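Chemist: If you're matching positions, the sequence shown starts at 95 in this note's numbering and goes up one per residue.
Glycine included, each C-beta is placed from N, C-alpha and C at the ideal position.
These numbers come from a predicted model, not from an experiment.
Okay, handing you the structure first.
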Amino acid sequence: MLPTDIGRHGRPTGNCLMRIVCVVGARPNFVKIAPIVGALRAEPLATVDLVHTGQHYDIDMNQVFFEDLGIPVPDVSLGVGSGSHTQQTAAVMQAFEPLLAGRPDLVMVVGDVNSTLAAALVAAKEGIPVAHVEAGLRSFDRTMPEEINRVLTDQLATLLFTTEHSAGRHLETEGIGADRVHFVGNVMIDSLLKSIARAVPAEVTLGRDLPAAGFALLTLHRPANVDDPEVLDRLIGAFTTLARDLLVVFAVHPRTAGRLAESGRRERLEEAGVRCLPPQSYFQILGLMRAARFVMTDSGGIQEETTALGVPCLTLRPGTERPVTVEEGTNTIVDRDPARILAAADDILTTGGKRGRIPELWDGRTAERIVEVLRRWWHSQHG
Ligand code: UD1
């Protein structure tokens, strides 16, 4: 039976600890919540309950990240699993609602996955304030499920924490008062800076026969890239062409693995010399990113991580909701166009590519700043 009061640490008598429920569901959430839970638990400000919705559940998408990032075992696991967007969102909502019977003081959600929106919606309907970490990012592409999740979560949130200045501008345009918005930097980079010394060297992951020319790292999982056979086949054409000149290492997401298993796609990639790997642990992917000549990706988090590492990134989407990675960082948008991908790859191999600079407040201290804002918010209400 599900507990009906996840404020199970209780409110110790005689003091005024805030009770916060942090919600995670999918792999990128884990990287974002780790420093926040760490910073909160190091302070006498709040009690923290961690809820895992179960959106991601495979060991290598889930447990391995908890271990690498040192995230405590969730206090509650909802086990919702996979499904259509509606099924998944509804399943999280139904399972999460009874947990709020203990009326925590704040529900904290991160990122833009279905679990983020579902938890925010339940909390808002229960009249419990929501804090959204990584607020205000916009692709302006409503065909992306994440865009819907972002826009709606931001409307529901009381406290909005942003990673870059573009986010604050979007929130202002959408009528969200500046008093609710806090530019704090990027918690993903807190995790990266804390973990980089423990990154698994690429030679350990890939073996010692790594070519002297190095390799390009590839990740791909957006429905717009992998669920449309025509788009996917065109992208595969670009990767197999590139593999003639440079080893391509492809960390394959489970969604993508399903598509590669169809129509001989995985065989085509492997025959061309693309090395397909299962989803990598956090320490492994950090080691691969750091060592790569460049990274090709449709992930939002990897666009940011490559900027923090100073490694050139080619984004396989028409745009990015993280423009600071292009304007200041190492990111170049190449869309799904093989000619642009190959030309940009060639340019990086010739010139070394963009080096970029570290965006403002991506300094490893974002979680501390979030805790400070929470402290002020709490004291403004409770003296
Ligand atoms: C989700 C997020 C996306 C995020 C990505 C990171 C939404 C709308 N999308 O996409 O923003 O970038 O996570 O990975 O929330 N599967 C497994 N094992 C798992 C999890 C999923 O095999 O542990 C398979 C299932 O077949 C599932 C498919 O992957 O149907 C897609 O999983 P889902 O969580 O629905 O979306 P992602 O593509 O992972």
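I want to check one thing, is the minimum distance from the CB of A151 to the heavy atoms of the ligand UD1 below 7 Å?
Modeler: It is worth fixing the name first, because residue 151 is Tyr in this sequence and not Ala. Under cutoff, so the answer is yes.
Chemist: I want to check one thing, is the minimum distance from the CB of S176 to the heavy atoms of the ligand UD1 below 7 Å?
Modeler: Flag set: Cβ of S176 near the ligand UD1.
Chemist: Using 8 Å as the threshold, is the C-beta distance between V131 and L172 below it?
Modeler: No, the Cβ-Cβ distance between V131 and L172 is not below 8 Å.
Chemist: If you draw a straight line from the C-alpha of M95 to the C-alpha of S260, how long is it?
Modeler: Confidence at M95 is low in this model, with a pLDDT of 28, below 50, so its placement is unreliable and no value can be given for it.
Chemist: Out of D392, M282, M187 and R360, point me to the one whose CA is closest to L403's CA.
Modeler: Nearest option by C-alpha distance: M282.
Chemist: Between the alpha carbons of A184 and A307, how many angstroms are there, rounded?
Modeler: Near 48 Å, if we compare the C-alpha coordinates of A307 and A184.
Chemist: At what residues does the beta strand (DSSP E) containing T141 begin and finish?
Modeler: Element bounds for T141: A140 to H146.
Chemist: In terms of residue numbering, what span does the alpha helix (DSSP H) encompassing G234 cover?
Modeler: It is worth fixing the name first, because residue 234 is Phe in this sequence and not Gly. Element bounds for F234: n/a, residue is neither H nor E.
Chemist: If you draw a straight line from the alpha carbon of M354 to that of E364, how long is it in whole angstroms?
Modeler: The question names Met, but residue 354 in the sequence shown is Leu. Their Cα atoms are separated by approximately 11 Å.
Chemist: Please tell me whether V428 has its Cβ less than 8 Å away from any Cβ of chain B.
Modeler: The question asks about chain B, but that chain is absent: this structure has only one protein chain.
Chemist: So what's R369 in DSSP terms, helix, strand or just coil?
Modeler: Correct three-state label for R369: strand.
Chemist: Kindly indicate which three-state DSSP category T424 falls into: helix, strand or coil?
Modeler: The answer is coil: DSSP assigns T424 none of H, G, I, E or B.
Chemist: Any idea which residues DSSP pairs T391 with across the strands?
Modeler: According to DSSP, which records beta bridges pairwise, T391 is partnered with T409.
Chemist: Here's a check: name, in chain order, each residue in its chain whose Cβ is nearer than 6 Å to the Cβ of A439, leaving out the five neighbours to either side.
Modeler: If we look at A439 and ignore the five residues flanking it on each side, its Cβ neighbours are L336.
Chemist: Can at least three beta-carbon pairs, one atom from the region 372-382 and one from the region 148-156, be found at a separation below 8 Å?
Modeler: Yes: the two stretches touch, three or more of their Cβ pairs being nearer than 8 Å.
Chemist: By Cβ distance below 8 Å, which residues in the same chain neighbour G413 in space, the five residues on each side in sequence not counted?
Modeler: So the qualifying residues of the chain are S233, F234, D235 and I427.
Chemist: Three-state secondary structure (DSSP) at T256?
Modeler: The answer is strand: DSSP assigns T256 an E or B state.
Chemist: When DSSP labels each residue in this structure, what does H315 get in the three-state scheme?
Modeler: It is coil, neither helix nor strand.
Chemist: Classify C116: buried if its beta carbon has 16 or more other beta carbons within 10 angstroms, exposed otherwise.
Modeler: That one is buried.
Chemist: Check whether the region 194-209 and the region 236-247 touch, using three or more Cβ-Cβ pairs below 8 Å as the test.
Modeler: Touching, yes, given that three or more Cβ pairs across the two stretches are closer than 8 Å.
Chemist: Below 7 Å CB to CB, which residues in the same chain sit around I330 once its five sequence neighbours on both sides are set aside?
Modeler: Contacts found: R359, R362 and L363.
Chemist: Within 10 angstroms of the Cβ of C407, are there 16 or more other Cβ atoms? Answer buried if so, exposed if not.
Modeler: Per the 10 Å Cβ criterion, buried.
Chemist: Is DSSP giving G104 helix, strand or coil here?
Modeler: Because the pLDDT of G104 is 44, which lies under 50, any placement of that residue in the model is unreliable, and the number read from its coordinates should be weighed accordingly. Here G104 sits in coil by DSSP.
Chemist: Quick one: give me the first and last residue of the beta strand (DSSP E) that L200 is part of.
Modeler: Its beta strand (DSSP E) spans residues L200 to V204.
Chemist: What residue does the beta strand (DSSP E) around V224 start on, and which one ends it?
Modeler: V224 -> beta strand (DSSP E) spans V224 to V227.
Chemist: Hey, out of L163, F333, M187 and R430, whose CA is closest to D322's CA?
Modeler: Selected option, being the one with the closest Cα: R430.
Chemist: Taking contact to mean at least 3 C-beta pairs separated by less than 8 Å, is the region 252-267 in contact with the region 417-427?
Modeler: Segments in contact, yes.
Chemist: Given the structure, does S393 come close to the ligand UD1, in the sense that its CB is under 7 Å from one of the ligand's heavy atoms?
Modeler: Yes, the Cβ of S393 comes within 7 Å of a heavy atom of the ligand UD1.
Chemist: Can you give the Cα-Cα distance for L286 and A366, rounded to whole angstroms?
Modeler: For L286 and A366, the distance between alpha carbons rounds to 32 Å.
Chemist: Got a sec: does the ligand UD1 put a non-hydrogen atom nearer than 7 Å to the Cβ of G269?
Modeler: No, since every heavy atom of the ligand UD1 falls outside the 7 Å radius drawn around the Cβ of G269.
Chemist: Going along the chain, which unbroken runs of the alpha helix (DSSP H) with 4 or more residues stay wholly within the region 149-204?
Modeler: Counting only runs of 4 or more, we get 157-163 and 179-190.
Chemist: Can you give the Cα-Cα distance for P138 and R292, rounded to whole angstroms?
Modeler: Each residue's alpha carbon lies about 29 Å from the other.
Chemist: Let me check you understand the geometry: is the CB of G352 closer than 7 Å to at least one non-hydrogen atom of the ligand UD1?
Modeler: Yes, Cβ of G352 sits closer than 7 Å to a heavy atom of the ligand UD1.
Chemist: Could you say which of R113, V227, G175 and E297 lies nearest to R197 if we only look at CA atoms?
Modeler: R197 has its Cα closest to that of R113, out of R113, V227, G175 and E297.
Chemist: Return helix, strand or coil for A272, following the three-state DSSP convention.
Modeler: Helix at A272.
Chemist: Helix, strand or coil: how does DSSP classify V346 here?
Modeler: In this structure, V346 counts as coil in the three-state DSSP scheme.
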